[in-house]
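Okay, structure first, notes after.
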Amino acid sequence: MKLNKATVSMFAAPSKLKHEEYSNVSNYGEALSPYIMSLALFVGCLVFNFVFPIRKVSMAGQSSKNWWLSKLSIGVGVALAMAIIEATVMLMLGLTVEFIPQFYLIAIVSSLSYMFIVMFFAMTFDNPGRFIAMVLLVLQLGGAGGTFPMPLTNGFFNAIHPYLPMSYSIYGFRQAISGGIGTDLYTKSVVILAIAFVVFVALLRLSMDHLQKKHLNGISQLDNNQELQAVEVQ
(Lines of atoms letter the chains of each structure in order from A and count residues from 1; the text may use other names and numbers.)
(Lines give C-alpha, C1' and ligand atoms only; values in the text may rest on other atoms or scores of the structure.)
Protein backbone atom coordinates (compact mmCIF):
# COMPACT_ATOMS: atom_id res chain seq x y z
CA MET A 1 0.00 0.00 0.00
CA LYS A 2 1.36 3.34 -1.03
CA LEU A 3 1.57 5.90 1.74
CA ASN A 4 0.07 9.26 0.90
CA LYS A 5 -1.66 12.15 2.65
CA ALA A 6 -5.06 10.48 2.48
CA THR A 7 -3.70 7.33 4.14
CA VAL A 8 -2.00 9.34 6.87
CA SER A 9 -5.21 11.30 7.49
CA MET A 10 -7.21 8.09 7.71
CA PHE A 11 -4.95 6.66 10.44
CA ALA A 12 -4.63 9.99 12.26
CA ALA A 13 -8.37 10.65 12.32
CA PRO A 14 -10.35 7.51 11.43
CA SER A 15 -13.61 9.08 12.57
CA LYS A 16 -15.10 12.53 12.81
CA LEU A 17 -16.35 13.85 16.11
CA LYS A 18 -19.41 16.08 16.01
CA HIS A 19 -20.01 18.14 19.13
CA GLU A 20 -23.42 19.62 19.91
CA GLU A 21 -24.27 21.62 23.02
CA TYR A 22 -27.75 21.09 24.46
CA SER A 23 -27.30 23.99 26.89
CA ASN A 24 -24.71 26.57 27.76
CA VAL A 25 -23.70 28.52 30.87
CA SER A 26 -21.12 31.27 30.95
CA ASN A 27 -19.30 30.19 34.11
CA TYR A 28 -19.18 27.69 36.97
CA GLY A 29 -21.32 29.92 39.16
CA GLU A 30 -24.22 29.79 36.74
CA ALA A 31 -23.87 26.02 36.48
CA LEU A 32 -24.02 25.67 40.26
CA SER A 33 -26.85 28.19 40.79
CA PRO A 34 -29.72 25.63 40.55
CA TYR A 35 -28.21 23.68 43.43
CA ILE A 36 -27.44 26.73 45.54
CA MET A 37 -30.88 28.29 45.00
CA SER A 38 -32.68 25.06 45.86
CA LEU A 39 -30.48 24.53 48.91
CA ALA A 40 -31.05 28.12 50.10
CA LEU A 41 -34.83 27.70 49.94
CA PHE A 42 -34.71 24.48 51.96
CA VAL A 43 -32.43 26.05 54.58
CA GLY A 44 -34.73 29.07 54.74
CA CYS A 45 -37.73 26.84 55.44
CA LEU A 46 -35.74 24.92 58.02
CA VAL A 47 -34.65 28.10 59.83
CA PHE A 48 -38.21 29.48 59.79
CA ASN A 49 -39.56 26.34 61.45
CA PHE A 50 -36.77 26.50 64.02
CA VAL A 51 -37.43 30.13 64.96
CA PHE A 52 -41.18 30.60 64.55
CA PRO A 53 -43.33 29.16 67.40
CA ILE A 54 -45.05 26.81 65.01
CA ARG A 55 -46.82 24.73 67.68
CA LYS A 56 -48.49 27.67 69.41
CA VAL A 57 -51.90 29.21 68.70
CA SER A 58 -52.85 32.84 68.18
CA MET A 59 -55.72 32.65 70.67
CA ALA A 60 -56.92 30.26 73.36
CA GLY A 61 -59.66 27.77 72.44
CA GLN A 62 -58.81 27.78 68.74
CA SER A 63 -60.16 24.79 66.80
CA SER A 64 -57.71 22.45 65.10
CA LYS A 65 -59.02 23.61 61.72
CA ASN A 66 -58.42 27.29 62.49
CA TRP A 67 -55.05 26.43 64.02
CA TRP A 68 -54.13 24.62 60.79
CA LEU A 69 -55.41 27.46 58.60
CA SER A 70 -53.38 30.02 60.55
CA LYS A 71 -50.16 28.04 60.10
CA LEU A 72 -51.03 27.29 56.47
CA SER A 73 -51.47 30.97 55.67
CA ILE A 74 -48.24 31.94 57.41
CA GLY A 75 -46.30 29.12 55.77
CA VAL A 76 -47.60 29.92 52.29
CA GLY A 77 -46.88 33.62 52.75
CA VAL A 78 -43.31 33.08 53.95
CA ALA A 79 -42.60 30.46 51.26
CA LEU A 80 -43.87 32.73 48.48
CA ALA A 81 -41.87 35.68 49.81
CA MET A 82 -38.67 33.62 49.99
CA ALA A 83 -39.09 32.26 46.46
CA ILE A 84 -39.90 35.60 44.84
CA ILE A 85 -37.17 37.50 46.70
CA GLU A 86 -34.54 34.87 45.95
CA ALA A 87 -35.38 34.68 42.23
CA THR A 88 -35.52 38.47 41.90
CA VAL A 89 -32.21 39.00 43.72
CA MET A 90 -30.51 36.41 41.50
CA LEU A 91 -31.74 38.22 38.40
CA MET A 92 -30.56 41.56 39.81
CA LEU A 93 -27.13 40.05 40.47
CA GLY A 94 -26.85 39.20 36.78
CA LEU A 95 -27.84 35.54 36.55
CA THR A 96 -28.68 34.75 32.94
CA VAL A 97 -32.05 32.98 32.83
CA GLU A 98 -33.42 31.50 29.62
CA PHE A 99 -37.04 31.15 30.76
CA ILE A 100 -38.00 33.68 33.42
CA PRO A 101 -41.65 32.62 34.06
CA GLN A 102 -40.52 29.01 34.53
CA PHE A 103 -37.73 30.29 36.78
CA TYR A 104 -40.20 31.93 39.16
CA LEU A 105 -42.59 28.97 39.00
CA ILE A 106 -40.01 26.37 40.02
CA ALA A 107 -38.80 28.65 42.83
CA ILE A 108 -42.35 28.97 44.17
CA VAL A 109 -43.31 25.27 44.03
CA SER A 110 -39.94 24.29 45.51
CA SER A 111 -40.35 26.71 48.40
CA LEU A 112 -43.94 25.63 49.10
CA SER A 113 -43.10 21.93 49.10
CA TYR A 114 -40.05 22.45 51.33
CA MET A 115 -41.98 24.63 53.76
CA PHE A 116 -44.69 22.09 54.46
CA ILE A 117 -42.40 19.06 54.48
CA VAL A 118 -40.37 20.72 57.23
CA MET A 119 -43.45 22.14 58.98
CA PHE A 120 -45.09 18.71 59.11
CA PHE A 121 -42.09 17.17 60.87
CA ALA A 122 -41.60 20.17 63.19
CA MET A 123 -45.28 20.30 64.13
CA THR A 124 -45.80 16.56 64.51
CA PHE A 125 -42.62 15.54 66.33
CA ASP A 126 -41.31 18.86 67.75
CA ASN A 127 -37.50 18.89 68.10
CA PRO A 128 -37.03 15.27 66.89
CA GLY A 129 -38.99 16.34 63.80
CA ARG A 130 -36.62 19.23 63.21
CA PHE A 131 -33.77 16.76 63.46
CA ILE A 132 -35.44 14.59 60.80
CA ALA A 133 -35.66 17.64 58.54
CA MET A 134 -31.95 18.30 59.06
CA VAL A 135 -31.14 14.69 58.17
CA LEU A 136 -33.20 15.12 55.01
CA LEU A 137 -31.17 18.22 54.18
CA VAL A 138 -27.89 16.32 54.60
CA LEU A 139 -29.12 13.46 52.41
CA GLN A 140 -30.05 15.92 49.69
CA LEU A 141 -26.57 17.48 49.67
CA GLY A 142 -25.22 14.27 48.18
CA GLY A 143 -28.30 12.70 46.67
CA ALA A 144 -29.96 15.51 44.72
CA GLY A 145 -27.28 15.66 42.03
CA GLY A 146 -26.54 19.33 42.53
CA THR A 147 -22.75 19.24 42.48
CA PHE A 148 -21.83 16.08 40.56
CA PRO A 149 -23.75 14.06 37.93
CA MET A 150 -25.52 11.09 39.43
CA PRO A 151 -23.52 8.51 37.39
CA LEU A 152 -20.43 9.71 39.29
CA THR A 153 -22.14 9.26 42.67
CA ASN A 154 -22.29 6.06 44.72
CA GLY A 155 -25.12 3.56 44.75
CA PHE A 156 -26.76 4.79 47.95
CA PHE A 157 -27.27 8.32 46.67
CA ASN A 158 -28.45 7.04 43.29
CA ALA A 159 -31.02 4.89 45.09
CA ILE A 160 -32.50 7.78 47.08
CA HIS A 161 -32.18 10.39 44.30
CA PRO A 162 -35.71 9.89 42.83
CA TYR A 163 -37.30 10.33 46.28
CA LEU A 164 -35.68 13.64 47.23
CA PRO A 165 -37.65 16.84 46.59
CA MET A 166 -34.47 18.78 45.92
CA SER A 167 -33.68 16.50 42.95
CA TYR A 168 -36.72 17.85 41.11
CA SER A 169 -36.13 21.41 42.20
CA ILE A 170 -32.62 21.28 40.71
CA TYR A 171 -33.92 19.78 37.45
CA GLY A 172 -36.48 22.57 37.21
CA PHE A 173 -33.99 25.34 37.92
CA ARG A 174 -31.56 23.93 35.36
CA GLN A 175 -34.18 23.88 32.65
CA ALA A 176 -35.38 27.38 33.50
CA ILE A 177 -31.89 28.86 33.65
CA SER A 178 -30.11 27.25 30.72
CA GLY A 179 -32.53 24.84 29.00
CA GLY A 180 -31.45 21.55 27.51
CA ILE A 181 -33.13 19.22 29.98
CA GLY A 182 -36.48 19.43 28.23
CA THR A 183 -39.96 20.66 29.04
CA ASP A 184 -41.17 17.15 29.87
CA LEU A 185 -38.75 16.77 32.78
CA TYR A 186 -39.43 20.35 33.88
CA THR A 187 -43.18 19.70 33.92
CA LYS A 188 -42.67 16.43 35.78
CA SER A 189 -40.54 18.23 38.38
CA VAL A 190 -43.16 20.95 38.93
CA VAL A 191 -45.95 18.37 39.25
CA ILE A 192 -44.02 16.22 41.74
CA LEU A 193 -43.17 19.22 43.92
CA ALA A 194 -46.77 20.44 43.76
CA ILE A 195 -48.01 16.99 44.79
CA ALA A 196 -45.55 16.98 47.70
CA PHE A 197 -46.93 20.36 48.78
CA VAL A 198 -50.55 19.14 48.70
CA VAL A 199 -49.75 15.84 50.43
CA PHE A 200 -47.84 17.42 53.30
CA VAL A 201 -50.46 20.14 53.78
CA ALA A 202 -53.04 17.35 54.13
CA LEU A 203 -50.79 15.37 56.49
CA LEU A 204 -50.28 18.53 58.54
CA ARG A 205 -54.04 18.89 58.89
CA LEU A 206 -54.38 15.34 60.21
CA SER A 207 -51.40 15.76 62.50
CA MET A 208 -52.67 19.01 64.03
CA ASP A 209 -56.09 17.51 64.69
CA HIS A 210 -54.41 14.60 66.50
CA LEU A 211 -52.10 16.95 68.42
CA GLN A 212 -55.00 19.05 69.65
CA LYS A 213 -56.68 15.94 71.04
CA LYS A 214 -53.43 15.13 72.87
CA HIS A 215 -53.29 18.67 74.23
CA LEU A 216 -56.86 18.49 75.49
CA ASN A 217 -55.98 15.24 77.25
CA GLY A 218 -53.19 17.04 79.12
CA ILE A 219 -50.29 15.10 77.62
CA SER A 220 -47.00 16.89 78.33
CA GLN A 221 -44.82 18.35 75.58
CA LEU A 222 -41.09 18.22 74.89
CA ASP A 223 -40.14 21.87 74.52
CA ASN A 224 -41.60 24.78 76.48
CA ASN A 225 -40.43 27.24 73.84
CA GLN A 226 -42.63 25.42 71.33
CA GLU A 227 -45.24 24.20 73.84
CA LEU A 228 -48.18 22.74 71.99
CA GLN A 229 -51.05 25.20 71.63
CA ALA A 230 -49.65 27.73 74.09
CA VAL A 231 -50.86 31.22 73.20
CA GLU A 232 -48.38 33.29 71.19
CA VAL A 233 -47.04 36.41 72.92
CA GLN A 234 -48.63 39.41 71.24
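Numbering that gives the first Met the number 0 numbers the first residue of the sequence shown as 0 and each following residue consecutively. Where is the CB? At the ideal position from N, CA and C, for every residue including glycine. Predicted model, so just to flag it, every value in this text is computed and none were measured.
- The residues Q101, I105, Y170, G171, Q174 and A175, in chain order, have a CB closer than 8 angstroms to that of Y185 in the same chain once the five nearest residues on each side in sequence are set aside.
- S110 and V42 have their C-alpha atoms roughly 10 angstroms apart.
- Taking C-beta atoms under 8 angstroms as the contact rule, Y34 and G142 fail to qualify, at a distance of about 12 angstroms.
- Boundaries cannot be given for I180, as no alpha helix (DSSP H) includes it and DSSP labels it neither H nor E.
- Annotation for A193: V108 place their beta carbon closer than 6 angstroms to its own, counting only its chain and skipping 5 residues before and after.
- Restricting attention to S63, F130, P127 and L94, the CA atom closest to the CA of A201 is found in S63.
- A distance of 8 angstroms or more separates the beta carbons of I159 and L136.
- Within the model, the alpha-carbon separation for K187 versus S8 is close to 47 angstroms.
- Boundaries of the alpha helix (DSSP H) harbouring F124: I99 to F124, taken from the DSSP string.
- Between E85 and A39, the C-beta spacing is below 8 angstroms.
- Between F124 and I116 a beta carbon distance of about 13 angstroms is seen, past the 8 angstroms cut, so the two are scored as non-contacting.
- Shortest Cα-Cα distance from M207 to any of Y103, M114, P52 and W66 involves W66.
- Between the beta-carbon of F119 and that of R129 there is about 11 angstroms, and that puts the pair past the 8 angstroms contact cut.
- According to the DSSP assignment, T87 belongs to the alpha helix (DSSP H) that extends over S63 to M91.
- Taking C-beta atoms as the reference points, M114 and G154 fail to come closer than 8 angstroms.
- Inclusion of V50 and S177 in the CB contact set at 8 angstroms is not warranted, their separation being larger than that value.
- Linking M133 to N157 through their CA atoms gives a straight-line distance of about 20 angstroms.
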